[in-house]
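Numbering-wise, the sequence shown is residues 1 to 147 according to UniProt numbering.
For glycine and all other residues, C-beta sits at the position ideal for the given N, C-alpha and C.
For reference, the structure discussed in these notes is given below.
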Amino acid sequence: MSDNEIYSDKITKGSRTYFFDIKKSEKGDLYLKISESKRTESGFEHHRLKVFDEDLKDFVEALKKSLTKFKELKEPRQTNGKTYSVEKIRETHQQAYLPWTTEDDNKLELLFCEGKKVKELAEIFGRNVGAINSRIKKLELKDKYGK
Numbered sequence: 001m002s003d004n005e006i007y008s009d010k011i012t013k014g015s016r017t018y019f020f021d022i023k024k025s026e027k028g029d030l031y032l033k034i035s036e037s038k039r040t041e042s043g044f045e046h047h048r049l050k051v052f053d054e055d056l057k058d059f060v061e062a063l064k065k066s067l068t069k070f071k072e073l074k075e076p077r078q079t080n081g082k083t084y085s086v087e088k089i090r091e092t093h094q095q096a097y098l099p100w101t102t103e104d105d106n107k108l109e110l111l112f113c114e115g116k117k118v119k120e121l122a123e124i125f126g127r128n129v130g131a132i133n134s135r136i137k138k139l140e141l142k143d144k145y146g147k
């Protein structure tokens, strides 16, 4: 390693070799140099990318996002037709997709009879408006109380 080379690592896969070098510029600034060397019929092809210290955090974040997307595209998850994430929904509705208890049903019926609006009930039960409407329909509360 020369004086401006601080760290070096490499990966060889088939005809390609990737180099990861941390170097110091003439001004003393650190940067990451990523190089690819590829053996071809006519010799070698070389490609280089330099990422400077001030850009490294954003570069790594973009790389992480790209790798996540790459993995999703390469190995699509079996979602059984679901286009939503229960965990994501529970960030705003803590009780989403959890079973209703008898106690919940009794409380819903009482609050419904008191005239609470669906939006208020959704907040109280930690569920979305659609879940409250579905439960009201299932328990036949509108028919039962004429509302």
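{"Item": "Output needed for ILE22: all residues of its chain with C-beta closer than 7 Å, excluding positions within five of it in sequence on either side, in chain order.", "Value": "ILE6, TYR7, LEU30, LEU32"}
{"Item": "Where does the unbroken beta strand (DSSP E) through GLU45 begin, and where does it stop?", "Value": "43 to 52"}
{"Item": "Sort ILE136, ARG16, LYS144 by Cα distance to HIS47 and report the nearest one.", "Value": "ARG16"}
{"Item": "Go through its chain and collect everything with a Cβ distance to VAL129's Cβ below 7 Å, but skip five positions before and after it.", "Value": "VAL118, LYS119, ALA122"}
{"Item": "Using DSSP bridges, identify the partner residues of PHE70.", "Value": "PHE70 pairs with nothing; no bridge assigned."}
{"Item": "Could you name the residues that DSSP lists as bridge partners for TYR31?", "Value": "LYS23, PHE52"}
{"Item": "Indicate whether the contact test is met: 3 or more Cβ pairs, each with one atom in the region 108 to 117 and one in the region 68 to 76, closer than 8 Å.", "Value": "no"}
{"Item": "So for ARG127, helix, strand or coil by DSSP?", "Value": "coil"}
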